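Below is the structure:
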């Protein structure tokens, strides 16, 4: 079986995620021309309902499967690993089928709950994807548990390619049929992508090489099912609450915009600009860097299973540092170059200030992702949920006040998001210090990388006036990004934030 080190696995998934996210953005670029702000609002609301429903249906199971597989493999219990996968497949097939049927049948209810009746058809068109995602989850989680990220990477890229081609074709096909059908056609691309991704994962598992195991006593299905549910159900409950909060946040934003004196069309325009443009760009680096948490799970879960705390501590330190070091330049570029990025991607910079407002949160969100994965891998399944609950309370409270203020409006959502994730990040780091008995080196993790990022920010400020006068468009954006990132990387090595010796040691796994 092909197995990678933590960093190699993270790198494979980062590249795959980068490709799929870029293709996703490429998908949305022509889509924004076809759907415009109103259509993008319908598309995004249908997709939010799908994500919310998907999380409700399978939340906790991917983590539970990966954790159980990682623990079994670390003890060389390969027969148990096979049993975990077979039980998981049956469970997820049943759950996925029920989920798709319920989402299709409840499409009108969900659309009206989100105050967007035009999203009914789009929700119906994406409902079959629930089944295929659920089925694919069993195989994807197995591969992640055994630290083989290649199948996940291949399926993600294939999914993005099919979604792009099918979604764009169907959107154009229904372009004269009105906003509802055009958005419905576009979102059918998501379903097509999930079908192909699941087929790839199943094929690789069925025909792939597996570890040879010696038959021992019969492993009870009931035992596997009990352990699976004991991990997944608490996470499912947490997910239900979290997604209810997300739905409440979306509803609150739209309602408070109306309370602030905006018309229904104006509120839809602001929400569509924020979610369809600013957040699309914002979630590119967040989604790519989320792979660090996926890759670190088998390392920490496996280390804890055999009582190797030192290995878990080393992986934790490396994971957090990588998350900070990689997310900082992303935040800087989005903050300073928001207008140029949006103009290049969408030929529309109306939400440039929105992107700048939410950009700093990319660092906190990436750190929260990795620290949550670390805590759950170490056995503290529900702890990240409780810290997130505190952050959600802060976000909802601030959003209610700020979004309803006409002068602030949609920017209140960006401000409250930043505040919430700062709090969650601090709580998670404090929890890691206690759980793993690891005292974070804040100089190495925060102070040095932030100093390097400050130099990067300064280089952009100094260069952009001159470069914008001699070049324009994508060339200007590309040159300034390359130069500023080069300054950042050089600063990392010069300040010994990252050393060549350390890079070599990490790359060796």
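Residue numbers (the numbering used here): 507 to 1015.
Beta carbons are placed, not taken as given, at the ideal position from N, Cα and C, and that holds for glycine.
Nothing here was measured: the structure is a model prediction, and the numbers come from that model.
Asked: Residue 724 to residue 586, Cα distance in whole Å?; Found: 9 Å
Asked: Quick one: any contact between the region 668–679 and the region 692–712, if contact means 3 or more CB pairs under 8 Å?; Found: yes
Asked: Let me make sure I understand the geometry here. Which of 860, 577, 809, 826 has the alpha-carbon closest to that of residue 840?; Found: 860
Asked: Tell me whether residue 823 sits in a helix, a strand or coil according to DSSP, three-state version.; Found: helix
Asked: Cα-Cα, which of 613, 913, 926 is closest to residue 768?; Found: 913
Asked: Determine the DSSP secondary structure at residue 947, reduced to helix, strand or coil.; Found: coil
Asked: Compare the beta carbon distance of residue 807 and residue 573 with 7 Å and say whether it is the shorter of the two.; Found: yes
Asked: How many angstroms separate the CA atom of residue 775 from the CA atom of residue 738?; Found: 38 Å
Asked: Spatial neighbours of residue 591 within its chain, please: CB distance less than 8 Å, with the 5 preceding and 5 following residues excluded, ordered by chain position.; Found: 571, 575, 644, 645, 648, 711
Asked: Between residue 598 and residue 567, how many whole angstroms is the CB-CB distance? I'm expecting something under 8 Å.; Found: 7 Å
Asked: Report the option in 606, 925, 965 whose CA atom is closest to the CA atom of residue 638.; Found: 606
Asked: Please classify residue 546 as buried or exposed, where buried requires at least 16 neighbouring CB atoms within 10 angstroms.; Found: buried
Asked: Are residue 843 and residue 928 closer than 7 Å when you measure CB to CB?; Found: no
Asked: At which residues does the alpha helix (DSSP H) containing residue 625 begin and terminate?; Found: Premise fails: residue 625 is in no alpha helix (DSSP H) and is neither H nor E.
Asked: Between the alpha carbons of residue 611 and residue 943, how many angstroms are there, rounded?; Found: 49 Å
Asked: So which of 583, 677, 741, 657 has the shortest CA-CA distance to residue 886?; Found: 741
Asked: Consult DSSP for residue 789 and reduce its assignment to one of helix, strand or coil.; Found: helix
Asked: From the DSSP output, in three-state form, read off residue 768 for me.; Found: coil
Asked: When the distance is taken between beta carbons, is residue 973 closer than 7 Å to residue 952?; Found: no
Asked: With burial defined as no fewer than 16 other Cβ atoms inside 10 Å of the residue's Cβ, what is the status of residue 791: buried or exposed?; Found: buried
Asked: Using 7 Å as the threshold, is the C-beta distance between residue 850 and residue 969 below it?; Found: no
Asked: Reducing DSSP to helix, strand and coil, say where residue 581 ends up.; Found: coil
Asked: Can you check which of these residues, 528, 938, 995, 623, is closest to residue 821 by C-alpha distance?; Found: 938
Asked: Among the candidates 909, 930, 873, whose CA atom is the shortest distance from the CA of residue 898?; Found: 930
Asked: Helix, strand or coil for residue 573? Go by DSSP, reduced to three states.; Found: helix
Asked: DSSP three-state call for residue 911: helix, strand or coil?; Found: coil
Asked: Since residue 755 contacts residue 901 with CB under 8 Å, what's their CB separation in whole angstroms?; Found: 7 Å
Asked: Please state the DSSP three-state secondary structure of residue 1019.; Found: Look at the range of the chain in this structure, 507 to 1015, and you will see that residue 1019 is not part of it.
Asked: The alpha helix (DSSP H) that contains residue 942, what's its start and end?; Found: First-last for residue 942: undefined, no H or E at that position.
Asked: Among 731, 634, 788, which has the Cα closest to the Cα of residue 920?; Found: 788
Asked: With a 10 Å radius around its C-beta and 16 neighbouring C-beta atoms as the bar for buried, classify residue 875 as buried or exposed.; Found: buried
Asked: Assign residue 520 to buried or exposed, taking buried as 16 or more other Cβ atoms, counted over all protein chains shown, within 10 Å of its Cβ.; Found: buried
Asked: Tell me whether residue 977 sits in a helix, a strand or coil according to DSSP, three-state version.; Found: coil
Asked: Taking the alpha carbon of residue 946 as the reference point, which residue from 824, 582, 522 has its own alpha carbon closest?; Found: 824
Asked: Between the beta-carbon of residue 613 and the beta-carbon of residue 629, is there less than 7 Å?; Found: yes
Asked: So is residue 728 buried or exposed if we call it buried at 16+ other beta carbons inside 10 Å?; Found: exposed
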